[in-house]
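Note that the sequence shown covers residues 54 to 304 in the working numbering. For glycine and all other residues, C-beta sits at the position ideal for the given N, C-alpha and C. Computed from a predicted model, the values in this text were never measured in an experiment.
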Amino acid sequence: MIDSMSDDVPPALAVFAGHRSVRFFRPEPLAAGDLDWIVEAGRRAPTDAQGHMYALLRITDTALRDHLATLCANQQHIREAAEFFVVCLDVYRLERLVALRGGEWGMRQRIALLYGATDATMVAQNMVVAAEALGYGTCYIGAVQNSTGLIAAALKLPEGVLPLYGLCIGVIDPVHYPPTVKPRLPRELCFFENSYPADFTDDQLESGYAAMSPKRDWYESLGLYFAKGGTMEKREPIMAHAWQQQGLEPD
Ligand SMILES: Cc1cc2nc3c(=O)[nH]c(=O)nc-3n(C[C@H](O)[C@H](O)[C@H](O)COP(=O)(O)O)c2cc1C
């Protein structure tokens with residue numbers, strides 16, 4: 054069984070084998086026409102029920118980009134990438150389309166959140182793969198969720214539109230290009246056949262830590278994000294407020 058994409062990867066899949074998030078960019082624009090191809094790749098993503106429940110905002114205003122970077126944990130790569138998008142789920146446009154034909158809106162918040170996030174993520178990831186296939190570097194910015202409501206307001210998002218994350222795309226600075234790809238959890242912890250495992254043994258979980266801890270224990274990062282008092286817990290009230298503000302809090 055193949056358990057890594059490093060050996061004999063078919064050329065068509067090399068873009069996946071080489072993926073790494075890039076956080077240092079050269080101060081250059083994308084080559085002429087490339088952004089169009091990247092956006093077209095995004096538009097070709099599958100879409101649930103043909104709902105197109107996404108909106109991407111390309112941030113070209115330097116002051117606005119700087120403001121967003123400040124709100125997103127002051128990440129400098131947001132300022133330096135040639136392109137920065139805020140990826141949103143969007144059921145506002147869909148509601149307008151349904152209303153235009155006289156339909157009464159029947160979509161509730163849970164479906165909107167789940168399907169909208171799914172649609173938007175397929176578009177964004179198509180763009181990532183396209184950009185990387187063209188030789189650019191990309192980096193998602195989940196820190197949008199540190200200030201979801203403020204970002205929604207700064208971008209004048211109507212109810213039904215919610216920022217999910219940012220996406221940097223730019224010309225790779227080779228000086229700081231990560232020399233290796235990051236590890237992934239072993240396949241047997243993530244892909245199952247026919248049913249979910251009864252439970253994970255400690256040994257199986259340790260195999261996950263072993264795979265993910267080439268230099269330092271993976272828990273150093275996992276704990277900071279997912280344990281009590283971590284980033285994800287801190288984001289919970291911010292997201293709850295933003296969901297309310299954008300009319301997407303389940304009732
Ligand atoms: C939804 C999402 C949000 C992310 N947010 C950030 C972020 O705010 N800043 C950042 O530098 N990287 C961010 N990343 C990149 C991850 O840190 C990166 O994908 C992970 O460490 C694995 O590394 P790799 O992409 O190089 O394989 C994010 C990735 C995803 C999928």
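Rounded to the nearest angstrom, the gap between the Cα atoms of Val197 and Gly156 is 33 Å. Ile222 and Thr174 do not touch by the CB rule: their CB atoms are close to 16 Å apart, not below 8 Å. Assignment of beta-bridge partners to Pro216 by DSSP yields Cys141.
Ile204 sits in a helix when the DSSP states are folded into three classes. Taking all protein chains shown into account, Pro232 has fewer than 16 neighbouring C-beta atoms within 10 Å of its C-beta and is therefore exposed.
Shown here, Phe279 sits in a helix according to DSSP, grouped into three states. Using a cutoff of 6 Å, the CB of Ser74 counts as near ligand 1, since one of the ligand's heavy atoms is closer than that. Nearest in C-alpha terms to Gly169, of all of Asp114, Tyr189, Thr254 and Leu217, is Leu217.
Ligand 1 has no heavy atom closer than 6 Å to the beta-carbon of Cys221. For Arg96, the enclosing alpha helix (DSSP H) starts and ends at Asp87 to Arg96. Under the three-state reduction of DSSP output, Phe78 falls in the strand class.
Beta-bridge annotation (DSSP): Thr191 is paired with Ile222.
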